[in-house]
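K.L.:
The structure's right below; bear with me while I get my questions together.
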Amino acid sequence: VILVARHLLRAIAETDDEIRARFFEGDEPSPSPRLVYQLLRVRFTTHVRQLAELLWRSVAASKGRTIDQLSTLDLYTPPTAKAPELVDETTGLSRARVLQVLEEVGGVRERAWRELGLRNRYQLRRLLQNLKIE
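With the sequence shown counted from 1, adding 130 to any position gets you the working numbering.
Given below as structure tokens:
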């Protein structure tokens, strides 16, 4: 992340001489240690575009000669969406329910298909394949 940030900061400096004069020592950007630490802790969801946006915001908000830390608003990463529960279309049974029954019967499939209310063990086998169990 830091090497990519360094590259992006150099690209930013190429677009604006004032930024280069203020935040660069020779060819090297001067980020604050706090900024480096924060960049390492951010969970990037949109890859380089998100990093570039954070760097632009940090450059714009910085007061001194180093590129300061990110605001807490910039550090927010939305929670990841939970994957939808797998449900077999023909039986309406969820993967969680099938796993629960298999655990209750100790993995004995002869008892499991009866407990689930299926017609036979072959229907259980197809159900396990559809729900990607074993």
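We put the beta carbon where it would ideally sit given N, CA and C, even for glycine.
Could you name the residues of the same chain whose beta carbon sits closer than 7 Å to that of W243, not counting the 5 residues immediately before and after it, in chain order?
P.N.:
Within the sequence shown, residue 243 is the residue found at index 113, counting from 1. Cβ neighbours of W243 beyond the five flanking positions: N250, R251, Q253 and L254.
K.L.:
Please state whether DSSP places I197 in a helix, a strand or coil.
P.N.:
By one-based count along the sequence shown, residue 197 stands at place 67. In the structure shown, I197 sits in a strand (DSSP, three-state: E or B).
K.L.:
Within its chain, find whatever has a CB closer than 6 Å to the CB of S224; leave out the 5 residues flanking it on each side and keep chain order.
P.N.:
By one-based count along the sequence shown, residue 224 stands at place 94. These residues qualify, in order along the chain: E215 and V217.
K.L.:
For S224, list the residues DSSP reports as bridge partners.
P.N.:
For the purposes of this step, residue 224 is taken as residue 94 along the sequence shown, with counting starting at 1. In the DSSP output, where bridge partners are listed per residue, S224 has V217.
K.L.:
Quick check: L165 and I197, are their CB atoms within less than 7 Å of each other?
P.N.:
If you number the sequence shown from 1, residue 165 lands on position 35. If you number the sequence shown from 1, residue 197 lands on position 67. Contact flag set, yes.
K.L.:
Using only the alpha-carbon positions, how far apart do A151 and A182 sit?
P.N.:
Position 21 of the sequence shown holds residue 151. Position 52 of the sequence shown holds residue 182. If you take the alpha carbons of A151 and A182, they lie about 20 Å apart.
K.L.:
Could you compute how far the alpha carbon of R187 sits from the alpha carbon of G156?
P.N.:
What you label residue 187 is simply residue 57 of the sequence shown in a count that begins at 1. What you label residue 156 is simply residue 26 of the sequence shown in a count that begins at 1. Approximately 22 Å, taken between the alpha carbons.
K.L.:
Assign G247 to one of three DSSP states: helix, strand, or coil.
P.N.:
The sequence position of residue 247 within the sequence shown is 117, counting from 1. Reduced to three states, the DSSP call for G247 is coil.
K.L.:
Throw me the rounded Cβ distance for the V134 and V178 pair, which I believe falls under 8 Å.
P.N.:
In the sequence shown, the residue the question calls residue 134 occupies position 4. In the sequence shown, the residue the question calls residue 178 occupies position 48. The beta-carbon distance between V134 and V178, rounded to whole angstroms, is 6 Å. This is short enough to meet the 8 Å contact definition.
K.L.:
What's the gap between the Cα of L139 and the Cα of L169?
P.N.:
Here the question's residue 139 lines up with position 9 in the sequence shown. Here the question's residue 169 lines up with position 39 in the sequence shown. For L139 and L169, the distance between alpha carbons rounds to 13 Å.
K.L.:
Could you work out which residue in P161, L185, G222 and L258 is closest to R239 when comparing CA atoms only?
P.N.:
Along the sequence shown, read from residue 1 onward, the residue named residue 239 stands at position 109. Among P161, L185, G222 and L258, the Cα nearest to that of R239 belongs to L258.
K.L.:
Is any non-hydrogen atom of the ligand MN found closer than 6 Å to the C-beta of L185, if you look at the structure I gave you?
P.N.:
In the structure on display, the ligand MN does not appear, and there are no ligands present to speak of.
K.L.:
Residues in its own chain within less than 6 Å of L248 by CB, not counting five upstream and five downstream?
P.N.:
Within the sequence shown, the letter at position 118 stands for residue 248. If we look at L248 and ignore the five residues flanking it on each side, its Cβ neighbours are L254.
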